[in-house]
Amino acid sequence: MQPSLGELSTDLLTGYELFFCILIVIAASTVLGTVGFGFGLVSAPVLLIYLEPQQAVVVINCLIGLMLIGVLVRTWRQLELRTSVGLVLGGVLATPIGVMALNAASPSVLRITIAIVIIFLGLFSLKNVQIPFAEKKIAGPLFGFMTSLATTTIAIGGPLGAIYAISQKWKPDAVRGVLALLFLASNAVAFVLYASTGLVNRDTLVNVGLLVPGLIVGLVVTSVVVTRINDRVFRHAVIAVIVIAGSVMLIRELGGK
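Count along the sequence shown starting at 1, add 168, and that's the number in this note's numbering.
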């Protein structure tokens, strides 16, 4: 929905909606700061309750971009730049296709698609699945393409990029840095295309600004808990929240509520 000048659309977050969205952004940014991906998986179920799907995707990708600037600044020295070029280029090439798909998609279809992907990737994350093809350098452009296509269309694609990065046996900071570079490159192109196709309006930018404090708090929480929390317990707790939230969203949409 595009508001006229001086008019606020129903997509502007206020009151308790804003409060709950800030809380979920804190949780999502903590997950992203800890493992390098997962912001969309955690935040999408809640943001989709209060925002139209297209607006939720744009807001999520803007917030991811802002947070990953800090991640890249912290990890750029460990970046595997030469071996990650294919991943990044594949991601940039997929971005226009993802934006066109987002702009044309039905809100109901988007909600159902996002819910199904959330549940599948949440359950998929329970297993340390190894994909032999992902270990090959030539897989980079393909994984970059799929990751960016999913991210720009439904704001969820981080696990796909992570599968490739982890399969390269890079150090944790290198994995975080490469994923940050991939998402920043594709998000920068995506934002220009979002704006040019009418997916960005005043309320979109206001919502991003209102949720930035959640990013800041999430970064602080990450720095405090990352060395103290049991990785296995944290991972399973996050996955449980993701699967439950995705299931609730799917049931609501299929039930027509």
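Where a beta carbon is used, it is the ideal one built from N, C-alpha and C, also for glycine.
Proximity to residue i [Cα-Cα], best of the options
{"i": "residue 229", "options": "339, 193 and 336", "result": "193"}
{"i": "residue 243", "options": "254, 416 and 201", "result": "201"}
{"i": "residue 318", "options": "273, 271, 333 and 263", "result": "263"}
{"i": "residue 422", "options": "389, 282, 238 and 272", "result": "282"}
{"i": "residue 371", "options": "205, 220, 212 and 210", "result": "220"}
{"i": "residue 180", "options": "209, 373, 305 and 387", "result": "373"}
{"i": "residue 316", "options": "287, 357 and 380", "result": "357"}
{"i": "residue 332", "options": "355, 339 and 301", "result": "301"}
{"i": "residue 291", "options": "415, 375 and 313", "result": "415"}
{"i": "residue 214", "options": "396, 277, 349 and 186", "result": "186"}
{"i": "residue 355", "options": "312, 320, 288 and 418", "result": "320"}
{"i": "residue 247", "options": "279, 280, 322 and 336", "result": "336"}
{"i": "residue 347", "options": "182, 183, 204 and 199", "result": "204"}
{"i": "residue 361", "options": "271, 385 and 390", "result": "271"}
{"i": "residue 231", "options": "376, 385 and 393", "result": "376"}
{"i": "residue 183", "options": "218, 199 and 210", "result": "218"}
{"i": "residue 279", "options": "313, 209 and 310", "result": "209"}
{"i": "residue 250", "options": "349, 199 and 340", "result": "349"}
{"i": "residue 419", "options": "206, 306 and 276", "result": "276"}
{"i": "residue 351", "options": "323, 338, 305 and 274", "result": "323"}
{"i": "residue 314", "options": "339, 391 and 257", "result": "257"}
{"i": "residue 408", "options": "245, 393 and 288", "result": "288"}
{"i": "residue 207", "options": "273, 342, 386 and 393", "result": "386"}
{"i": "residue 341", "options": "245, 393 and 199", "result": "245"}
Continuous alpha helix (DSSP H) stretch holding residue i: start and end
{"i": "residue 223", "result": "221-243"}
{"i": "residue 344", "result": "340-364"}
{"i": "residue 248", "result": "Element bounds for residue 248: n/a, residue is neither H nor E."}
{"i": "residue 185", "result": "183-203"}
{"i": "residue 331", "result": "326-335"}
{"i": "residue 312", "result": "308-322"}
{"i": "residue 211", "result": "207-218"}
{"i": "residue 300", "result": "Segment: none, residue 300 is in no alpha helix (DSSP H) and carries neither H nor E."}
{"i": "residue 391", "result": "370-393"}
Integer-rounded CB distance, given that residue j should sit under 8 angstroms from residue i
{"i": "residue 261", "j": "residue 308", "result": "Their Cβ separation, rounded to whole angstroms, is 12 angstroms, which puts residue 261 and residue 308 out of contact at 8 angstroms."}
{"i": "residue 195", "j": "residue 259", "result": "Not a contact, Cβ separation roughly 25 angstroms."}
{"i": "residue 286", "j": "residue 212", "result": "6 angstroms"}
{"i": "residue 380", "j": "residue 234", "result": "7 angstroms"}
{"i": "residue 383", "j": "residue 252", "result": "That pair is no contact at about 24 angstroms."}
Original post:
Is there contact here, the segment 178-192 with the segment 320-335, by at least three beta-carbon pairs under 8 angstroms?
Top reply: no
Original post:
Within the chosen definition, does the segment 210-226 reach the segment 238-254 through at least 3 CB pairs nearer than 8 angstroms?
Top reply: no
Subject >> Inter-stretch contact (C-beta, 8 angstroms, three-pair minimum) for the segment 265-279 and the segment 361-370 >> reply: yes
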